[in-house]
Every structure is written in structure tokens, then in C-alpha cells.
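Trainee: Handing you a structure now.
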Amino acid sequence: MNDNVQELLDQLGALKTGLHQHDFLLTWERTPDELRAVLLAAEILEQLHREKIDTSVFNSGLAVSNFRDQSTRTRFSFASAANLLGLGVADLDESKSQIAHGETVRETANMISFTAEVLGIRDDIFLGEGHKYMLEVAAAVEEGFREGVLPQRPAVVNLQCDLDHPTQSLADLMHLQQTFGSLDALRGKKIAMTWAYSPSYGKPLSVPQAIISLMTRFGMEVVLAHPEGYDLVPETLDNAREFAEQSGGSFTHVHDMAEAFADADVVYPKSWAPMHVMEQRSRLLRGGESAKLAELEKQCLENNKRHVDWECNEAMMAKTRGGAALYMHCLPADITGVSCEAGEVAASVFEKYRLDTYREAGHKPFVIAAMMLLTRFEHPAEVLRRLLNQ
Amino acid sequence: MNDNVQELLDQLGALKTGLHQHDFLLTWERTPDELRAVLLAAEILEQLHREKIDTSVFNSGLAVSNFRDQSTRTRFSFASAANLLGLGVADLDESKSQIAHGETVRETANMISFTAEVLGIRDDIFLGEGHKYMLEVAAAVEEGFREGVLPQRPAVVNLQCDLDHPTQSLADLMHLQQTFGSLDALRGKKIAMTWAYSPSYGKPLSVPQAIISLMTRFGMEVVLAHPEGYDLVPETLDNAREFAEQSGGSFTHVHDMAEAFADADVVYPKSWAPMHVMEQRSRLLRGGESAKLAELEKQCLENNKRHVDWECNEAMMAKTRGGAALYMHCLPADITGVSCEAGEVAASVFEKYRLDTYREAGHKPFVIAAMMLLTRFEHPAEVLRRLLNQ
Amino acid sequence: MNDNVQELLDQLGALKTGLHQHDFLLTWERTPDELRAVLLAAEILEQLHREKIDTSVFNSGLAVSNFRDQSTRTRFSFASAANLLGLGVADLDESKSQIAHGETVRETANMISFTAEVLGIRDDIFLGEGHKYMLEVAAAVEEGFREGVLPQRPAVVNLQCDLDHPTQSLADLMHLQQTFGSLDALRGKKIAMTWAYSPSYGKPLSVPQAIISLMTRFGMEVVLAHPEGYDLVPETLDNAREFAEQSGGSFTHVHDMAEAFADADVVYPKSWAPMHVMEQRSRLLRGGESAKLAELEKQCLENNKRHVDWECNEAMMAKTRGGAALYMHCLPADITGVSCEAGEVAASVFEKYRLDTYREAGHKPFVIAAMMLLTRFEHPAEVLRRLLNQ
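Line order of the protein sequences matches chains P, L and Z. Letter 192 of the first sequence, counting from 1, is numbered 191 in numbering that gives the first Met the number 0, and no numbers are missing. Letter 199 of the second sequence, counting from 1, is numbered 198 in numbering that gives the first Met the number 0, and no numbers are missing. Letter 193 of the third sequence, counting from 1, is numbered 192 in numbering that gives the first Met the number 0, and no numbers are missing.
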């Protein structure tokens, strides 16, 4: 093992990143080297963990989580990441009904950070809010550190916001890298990020937005497909177009699932709510207008039903390259006949890729740990190298 | 101290157990050597803890708890055990109303286990469900480990199910061992596991079932006593009969508290709900039939009242060997005149043994830690021995 | 740095304290040397933390928290303190509606303490209860330790009771010490602990009681000011009078905010509920009389409104020494025009001292850690000194 880890450490050591003393909020703000560094550090940590090598690089310190939406897998990924690096976990359990603003955010951010190394935040319910909130928290702890209030500058790590879901998309990228052999091998591979039917409503947009913004950076042929009206935040489509051009890949936007699946090497069928619905919902939630919210939900579910044929089934999979595309999902998937009557994916398709989706998810704790490491240490490769010589 | 610990380590090292990479679910599945190994490892850990010797045998890793029923003392015992061995604790807080089945269990089990060494589960509300659920979780992580999804195979530890409560009964056995001097000294000692009156309803059957299944294995004369109708799950009575025969002890089943107490060396008076009530209750809970549940509770409380004389009081204690049997309870006890008008035990009896019941409970963190150690390390005695030479 | 730390360690080592194997409940029970020892240990820990020196003096062990009232900043301070010293945190989440008494307290205190080093308790809702409850818990673990139930004697640390808030007031004292240069420099300085208007009701009395009881011990000129009727618990005024006499400071009690602010070096304007209201409220809460509680709240808020001019604004600050008194607050403050229409402090005043109040709060994790260290180690200075030589 050590030879391989040594090589990865050399690669990591050679990368220049601006992550130290900063946050990890949106992948599109980070340079290619910074993304590569996350993947490398995550892979090294995975290998050290498998070899039962102690990776507690912190003596003490807290990793504070703030989940403004329910979470199980991200919560455990965050706890695992913190534990791997030797940090204690403390959860900030806000009152869920009110979103704190202004002085409260600035103050609370400092009050929880006297020994915090990382603040992991999930805030994906209100469109136009989540990322803004993270910026507010980051500015607060930046001020606190600069003014000597905080002995260290905790890094804000985005555990899902209204725009991006970087810990998911980078775990997905790691999964692609391992499946196809390398990052370079992704060049020219077609990935279909498509909407899929679900009998639920209000699912965030962050996953599809994250996928099209990230995979276009590695020369992939990215196709986004959804029924008319199920639009994403335009900024993320701009990302995709721009990155595709830069990387020599492509970005296509269609409204036909079959078209997206045709000759695809990878498919990522997943439900989400239309952006305009999320905007309306955010307004109504803020106003506490429950009657109108119920009406909106009813409308949306009815509207969804018109697209019940957007299911990833055997027929659809047959259209992919050699009928053998890699199926991906961030989990939990709505599986037809298992978790619902009709859903995102047929049971037989899901079962074939079930363990693959578990493996995909398995990278997340290490991606988060990598973000913690890179934001908190100036020379992360050296810090990791010391672990080998203990 | 070290001499004693060295001797215990030698004894532990000499035992062959099949616990490594497995679960600890039911004591009656485990060999006598495996049970002895738990007791030895627990005793060693107790002594090391008293001597303030560092017992953190894990570099990192999570101990995940899943309490499907309320718990304070088991929760703290589990947290203490994890902390003793160097594991972080993460609690899986499921929605309490719905029991997850099928894909969800399989998936969640893996999602929380990427860095988990132990999954401690309490699921004792639904008769016929708890143990089944633990098997389902164990199969899921077994598959995950075999298929390379999980870097390690977390051990499922039963923190109380519908059938057994092994962490309690083994702590109880340790208490008996220390009170009477040794496991061998328990041979021929009479223990009365009896029902006792309580003004509450729906208490699980796992403690009496655990006690008759375990104490019969060590040559004790085990008497089970309860009013007509307060039956336990038949499988556990079969255990008791069979083990009594094998160990040269005995198992008697009576319906008279005084008969059970006569010449007893140990008494364990504790309330529980009749099996058929638990079955009905499980059905009604699943169906959400609250009116019928209220009716069932009313009937049960009335029925209980007919047996208000099943109280462990001074007169009853006078019937035991020399009037001086050891009183045991898993706590909290319903104490007449203290926690209720009429309950399981008279205040004067409880007060006499109060500190003993605390000592009894005090073994639980170490029993749980011993289970963690034996399921996760191939050579636990060597792992512990290394702690002495640090 | 080391020179300074060495000097502080020498000072700490020279102090005789009776804190080992005891609790930290009320500052007025502790000797001046014990208070000085807390300040010194906190300062040393702060410096070691800033230098990233490992301060985990415990191999393992739990710090158990029991918050009988909501808390964010104290919760995080406690978690930070535990983490700094190498303890795991476990929270005892009681049902909030019922206050446990008698056997339950005695039993639970032991059940959660088998590996506990510290029990941190916040219980400030019921006047006449909080401190009593802490004494009950302390007596229970004292008995448990004496009788061999507990391998160690966990220290009870008061995280706010009905009488005192020592972790706050000692953090405040540390802030004063650093602002004015030394404890000696506080001699003769005037501090105004004054009531201030807030559109809320039922705020505990513990902060003003803590401040007048503590600052009078260091030769400060302490003035307590509040509208007629907003009385504190008399015992704490007795403390203040007595300590002022002993220390050569003074204690004055007035009913005029401006009089208190005149030439003050420090101002601490903060809302609280009158003692008689807290007594009434405690009775009604215990009786579950929600209609009367609502009526009481209404009356109180109306009564508060008559004193809306008790605001710490620019005009009021202009009356202080050189118009430049240090403004203090335990946070969160009710800021006029920010968190409410009219509150304790004008926005412009608060903003000027905002970072100072953060710094004030920043001492709390280290004060709590110091209390843990001093109660659990016989020779804390030696324990800390060993950290430097690692």
C-alpha cells in the first residue's frame, strides 16, 4: 500500500491550493488543482483508514454541524470525517421554524467557534438563502479570527445549499474516477443528469446543479434532461456551458429522457422540484401560509404525475452505451414497487447497481475529511505523511 | 493489581471464541467460553479503568446507537463503553413512529457504517420484531463488508430486544459472581425470577427471559414465578429447561411468589406485561388503533391490580435463605411509597439493597465494552495486554 | 510564550485549593485562592490552546451535561471545555416538564456517572430549586463514590442555577482582568450592574446575583441598580455587602440607572424578572396553571414597559467615566432596532462593544475547563506542566 500512498502524497504535495484558512462552499469557485487536491486527500485518507492507520491530525477541537434540513447520511458522513481526523462533533440544533438573520448569525457563529475547526452547514430549503447564509457565517468567523475573538479560523464546509452540494458531487466524481480508472478516462464519457419521476415534492435542486457544474470540468459530455418547466437555477447552467468549453467537453440541455440516455456511459436519474416552485415554496414557507403550501404541493404532485414515464427502467437502460451505463444516485432513491408504487428507478435496475450506489456514498466521509484537512492545514501532504511515520 | 489482571488476561487468552467479526445478539447462541470471555474482558476493563490506565484500543471509529425505545442508563452505558475504548458516539435518531423495513434498513445500515465499529440497537417494543430487525441490520453490514462497501465489519450489539437483554443479564451475572465469589460458587444457588406488581403496563419481557436463559447455564436453581397468564415467550422457557439439564442446575416454573422466594439465595422481582398483551399491543400499535390501545391499557392495569400482593416486602424477604437473599433489579424499580403508591418492592427492602442495585448496574458499561472488544479484535487478550505495557 | 506560561504555572502551583474531589457550585463558597486558581488555569489553557499544544489530560471519561433550560452558548462552552481536556460529551436529555425528585435523582446521578468525570448542570427556571437540585446530585455521587459504586467522584459544575452563574461571572472577571491589566487594577474601579428594559419576561436572576457577589471580592465599587420591585434574592445582596467590606471595596444599591452609570468604569445593563415574579412563576409552572401563567406574563410585560427608559444608550454612556466605560453583557443582548423595537441597549452602543462582548464570552470554555481540571486533579499545575514537556 505505502508505495501507492507515497505517490498520491507526492501528487498532493505538488498541488498549489488556496484552501488553507478558507471555506469550501461552491465547487465552481475552486480551481481544478483544488478539486484534484480534495480527491487526492480523500483517496489517501480512505487507504489509511483501510490500513487502520491513525489519522487523527487534530489534538482536539470541534467540528460543529448545523443541519437546517433533515439528514441521516450526510450527518453520519460529517461525524465520521470529524472522528477520523480527531475532532469532536457538536451539533447546533436551531429552532427549525425561524431562520436567524443579522446580529444573531454573526454572534452565534462566533459563540460556537471558540474551539471549532470546522462548521458544516446544510441549508437547502429556501432557494436564494442557503448559500447566502453560509457566506454570512463565513464572514462572521473571518471577522472573529481577524479581531482575535477566535484563536483559529474555522472553515465553513457546505453540506448542501440551494446552489451546490459539493460533498456529494465530489464523492460522485471519486466514484466515476474509480469506476473508469482515472480522471483522464472521464474525458469524452457521456453522463446523463436527468430528472426522474417521484411521488414526492420539494426535493432540492442542488444535486443536478452540482453535477452539471462539476462534471463539465473534466471533459465529460454532460447532458441535462428534464420535462419542460423543471428548470434549475440559471447560474448553474452558465457554469456548465462555460466549463464544458474550457475543458473540451460538452453541455447539452434536452427535454427527453431517452435522448439523454442514448449511448450514455453514466446515468444519474433523480427527481427535483422546478425552480419556480421552490421560489414560491420559499415565499410561502417564510410567510407561514400553510393552506397555500398544501395547494402548491397538490398541484406539484399532479404535475409530476404527467411525467411518470420518466423512470429509469430496463428499456431506458438498454438505450445506454452497450446497455451497460453506470447508474448513479445520491440516495435514497424512490424505487418502483419498493419504496413507492412508481418512482425514479425500476427495482431490477436499482438492485443491479445497489452496491455501487453504496460505494458511491462511501466516499463522502473521506471527501468531507479531505475538505477539513485542506482548509485547516497549510501543508496537508506533510501532515498526512507524518501519519505514515508514526 | 497487575498480578490479578495478568491472571485474568491469561484466562481470557486461553478461551476460544467465535465472536470476532460477529454480532452479540442472544446469549443462548453463544458458547459458555464466549460468555466467560465477556465476563473476563469486562472485569479486566473495570480494573484498568479504576487504575486510570488508558483503554482506548481504537484509533478512531464510531459506535452508532439506535434506540427505538427510550433509554437513559443503557444510553449512558453504551456511550461510556465507546468512550472507554476510544470510539466516538453517533446516535441514529429515527422517526419513532415507523419501523423501517426492506431496502431502507439494508441501505441505512451501510450508510451509517463507513467508519462504524459497533452498532448498538435497542428495539424491544414490538414482540416478534426486535431480534428480526437486528438480524436484518447484521446481514446488511455483513454484505456491505463482504462486497467492499464497508472497510470494516461493524458488530451489532443487542442493547435489548423482544427476546433477550444480554448486556443486562451479563452485568447481573457479573454482580452475582462478585457477590458469591466466583461463577462456580453459583452452582446450586437458588434464584427466584418473579413477576411483581406495578401500576404500569407494557413493560418488556426481555429481562426475565434473559435471566432464566442465562442463569440456568451456570448450575443455578432457577425458579420463574408469575401470576397465571403473565407468560413469557416459550422459546426462552425451552432455553431454561435445556440449559438447566446441561449444566446440572434446575428450572422450575410456578405461579406463587412465596414459593419462589422460599430459601432463595437471590430474588429478582420485576414487573412485565403478559406475552399475549404484548402481541395484541404490537398489532394495535402497528395499526395505529389508539382507542383500542387505551382500552387494552385499562384492562391490563385492572388485571395487574388483582396481583398487587406480588410485592417484594419484608415478609416475603423473610422466606428467603436466612432471610438474607440478594435482591436484584435492572432499575428503575417501582418502589412502594416512593415512586408509586404500591409497587414491585417495599421501600425498606429496596433501601437495604439500593447501593447493591447501583453496583449491579455499574457493570453494564464494561460488559458492553467487552462485547465491542471481543467482536472487533481477533486477539482481545493481546490487545488488552498491550495497554499494560504502554 | 513558555516563559509567561511557566510563570502562571508557578503561581497556580503556589495556591492551596480545596477543589479537588469537590464541586463548583457557588463562587461565594470558594476562597479567593480558589477563584484565582480558576482564573490562572483558564488563562494557561487559553495560551496552550492558542499555541496548539495538546491539553487532553484525560485518557477517557465523560463530561455529562444536563440542561434543564435551553442553552446554546453554554452548551458549546461545555462541549469545548470537555473536548479540550480529552473528555467525551454525553447529554442527559430529561423530559422537560417534570422535575425529578428523591430516589430518581439519587439513582440517575449514579447511573450516568460510571465513567463520568464531570456533571455540568443548568437549572435556572425554578427559583429555590436549581441550587438544591445540584446539591442533591452532588450528594448522590459523593455517596456513590464513597460506597464504591463509582470508580471516580464526578465533579458537579454549575452551568447556571437560580442563585449563581459562576462560569459566566468568572469569564466576566477574566475579561475585566485582561481589559484593566490585572486583578489588582480592578481595585477601586466602579462597576454598574443595572437592570435594563426588555420586551421579554422571566429572565433569570443569576447573572446580576453572580456579578454583585463576585466583583465585590476584588475591591471594586459595585453599584446595583434596578427599578423598585425588581429585587434579587436577598442572600446575594448580603454576599455583596459582606465581601465589599472584606475586600475594601463597596456595595451600593440604588433605583436609578443614571446614578449607577455616573463615573462608572464598567457597565453591565441587563434585564431580569423580579424575584417575586420568579417565585410566582415557579409555583404556577409546577402547578401547570397555564392561564395564570399567561396572565402573569402579560402583567410583567406591561410592568416592564413602564421602565422602557432603562436603556443603555449614548446619553447614558456619556455619564460614565470619560464617557468610555467598558460595556459588558452575557449575550444575547436585546438590541434596540436590531433584535427588538426597544431593548436593553442602543444599537450604536452595542456595535461599539460588540467584539468585546464576544471576547468576554470567549473565556467561558476555558473557565469551565479550569473548573474541570481543578476539581478532578489534586495537582493541576503539575498536570498542566507535563503538557509542556510532551
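Cβ atoms here follow ideal geometry from the backbone N, Cα and C, with glycine treated the same way. Nothing here was measured: the structure is a model prediction, and the numbers come from that model.
In whole angstroms, give me the CA-to-CA distance for Q97 of chain Z and S289 of chain L.
Mentor: In this prediction, Q97 of chain Z scores a pLDDT of 43, lower than 50, which makes its location untrustworthy; the coordinate-derived value is nonetheless stated afterwards. About 25 Å.
Trainee: Using a Cβ-Cβ cut-off of 9 Å, state whether S59 of chain Z counts as contacting chain L.
Mentor: So yes, S59 of chain Z belongs to the interface.
Trainee: So, is the C-beta of P150 of chain P closer than 9 Å to a C-beta in chain Z?
Mentor: Judged by the 9 Å Cβ criterion, P150 of chain P is in contact with chain Z.
Trainee: Name the chain P residues that come within less than 8 Å of L330 of chain Z, Cβ to Cβ?
Mentor: Those within 8 Å of L330 of chain Z in chain P are E106 and M110.
Trainee: The alpha helix (DSSP H) spanning E258 of chain P covers which residue range?
Mentor: M256 to F260 is the span of the alpha helix (DSSP H), which, as asked, contains E258 of chain P.
Trainee: Reducing DSSP to helix, strand and coil, say where I367 of chain P ends up.
Mentor: Looking at I367 of chain P - three-state DSSP - the assignment turns out to be helix.
Trainee: Does chain L have any CB closer than 9 Å to the CB of K363 of chain P?
Mentor: Yes, because at least one Cβ of chain L sits closer than 9 Å to the Cβ of K363 of chain P.
Trainee: Would you mind working out which of L:A345, L:H19, L:Q159 and L:M173 sits nearest I43 of chain L, comparing C-alpha positions?
Mentor: Of the candidates L:A345, L:H19, L:Q159 and L:M173, the one whose C-alpha sits nearest the C-alpha of I43 of chain L is L:M173.
Trainee: Evaluate contact between the region 279-289 of chain P and the region 340-350 of chain P, counting only Cβ atoms and requiring at least three cross-stretch pairs below 8 Å.
Mentor: Result no; under three Cβ-Cβ pairs closer than 8 Å.
Trainee: Comparing C-alpha positions only, which one of P:F376, P:E116, P:G218 and P:Q151 sits nearest to P31 of chain P?
Mentor: Taking only the C-alpha atoms, the option nearest P31 of chain P is P:G218.
Trainee: Please report the straight-line C-alpha distance between G143 of chain Z and E135 of chain Z, rounded to a whole angstrom.
Mentor: The straight-line gap from Cα to Cα measures roughly 12 Å.
Trainee: Taking Cβ-Cβ distances below 7 Å as the criterion, which residues of the region 110-128 of chain P are in contact with chain Z?
Mentor: For the region 110-128 of chain P, which is checked against every Cβ of chain Z, the residues closer than 7 Å are M110, I111, F113 and T114.
Trainee: Hey, how far is the Cα of R305 of chain P from the Cα of L236 of chain P?
Mentor: For R305 of chain P and L236 of chain P, the distance between alpha carbons rounds to 25 Å.
Trainee: Residue range of the beta strand (DSSP E) that C160 of chain L falls in?
Mentor: That run of the beta strand (DSSP E) goes A154 to C160.
Trainee: Would you mind reading off the limits of the alpha helix (DSSP H) that contains I210 of chain L?
Mentor: S205 to M214 is the span of the alpha helix (DSSP H), which, as asked, contains I210 of chain L.
Trainee: Have a look at K318 of chain L and V222 of chain L and give me their C-alpha separation to the nearest angstrom.
Mentor: Cα-Cα distance, rounded: 14 Å.
Trainee: Quick one: what's F66 of chain Z bridged to in DSSP?
Mentor: Answer is Z:R121.
Trainee: Would you call the region 359-375 of chain Z and the region 75-83 of chain Z in contact, with 3 or more CB pairs under 8 Å?
Mentor: In short, these stretches touch, since the Cβ pair count reaches three.
Trainee: In this structure, how does DSSP classify S249 of chain Z when only helix, strand and coil are distinguished?
Mentor: Three-state result, S249 of chain Z: strand.
Trainee: So which residues on chain P does E146 of chain L lean against when the C-beta distance must stay under 9 Å?
Mentor: Going along chain P in sequence order, the residues near E146 of chain L (Cβ under 9 Å) are L354, Y357 and R358.
Trainee: For C299 of chain L, does the three-state DSSP call read helix, strand or coil?
Mentor: Of the three classes helix, strand and coil, the one that applies to C299 of chain L here is helix, per DSSP.
Trainee: Would H378 of chain Z be called buried (16 or more neighbouring beta carbons within 10 Å of its own) or exposed?
Mentor: Flag for H378 of chain Z reads exposed.
Trainee: Could you tell me the boundaries of the beta strand (DSSP E) in which D90 of chain P lies?
Mentor: Taken as a continuous stretch (DSSP letters only), the beta strand (DSSP E) holding D90 of chain P covers G87 to D90.
Trainee: What is the DSSP secondary structure of F113 of chain P, counted as helix, strand or coil?
Mentor: In the structure shown, F113 of chain P sits in coil (DSSP, three-state: anything other than H, G, I, E or B).
Trainee: State the DSSP-derived secondary structure class of N388 of chain P, mapped to helix, strand or coil.
Mentor: In this structure, N388 of chain P counts as coil in the three-state DSSP scheme.
Trainee: Under 8 Å: do the region 173-186 of chain L and the region 196-203 of chain L share three or more Cβ pairs, one atom per stretch?
Mentor: No: fewer than three Cβ pairs fall under 8 Å.
Trainee: On the three-state DSSP scale, how would you describe K189 of chain P?
Mentor: Strand, per DSSP.
Trainee: Any C-beta of chain P within less than 9 Å: which residues of the region 67-82 of chain L qualify?
Mentor: Per Cβ criterion, the list is empty.
Trainee: What is the DSSP secondary structure of F57 of chain Z, counted as helix, strand or coil?
Mentor: Looking at F57 of chain Z - three-state DSSP - the assignment turns out to be coil, as it is neither helix nor strand.
Trainee: CB K269 of chain P to CB V206 of chain P, shorter than 9 Å?
Mentor: For K269 of chain P and V206 of chain P, yes; Cβs fall inside 9 Å.
Trainee: How would you list, in chain order, the residues of chain Z whose beta-carbon sits under 7 Å from the beta-carbon of G143 of chain P?
Mentor: By Cβ distance, chain Z contributes Y357.
Trainee: Excluding the five sequence neighbours on either side, which residues of its own chain have a C-beta within less than 8 Å of the C-beta of M133 of chain L, listed in chain order?
Mentor: So the qualifying residues of the chain are D22, L24, I120, D122, V155, N157 and C160.
Trainee: In the DSSP output, which residue or residues are listed as bridge partners for F23 of chain L?
Mentor: In DSSP, F23 of chain L forms a bridge with L:V156.
Trainee: Would you please state the rounded distance, in angstroms, between the beta carbons of M371 of chain L and E116 of chain L? I believe it to be under 8 Å.
Mentor: That belief holds up - the Cβ atoms of M371 of chain L and E116 of chain L are roughly 7 Å apart, short of 8 Å.
Trainee: Express the C-alpha separation of Q279 of chain Z and E296 of chain Z in angstroms, rounding to a whole number.
Mentor: Roughly 11 Å between the two C-alpha positions.
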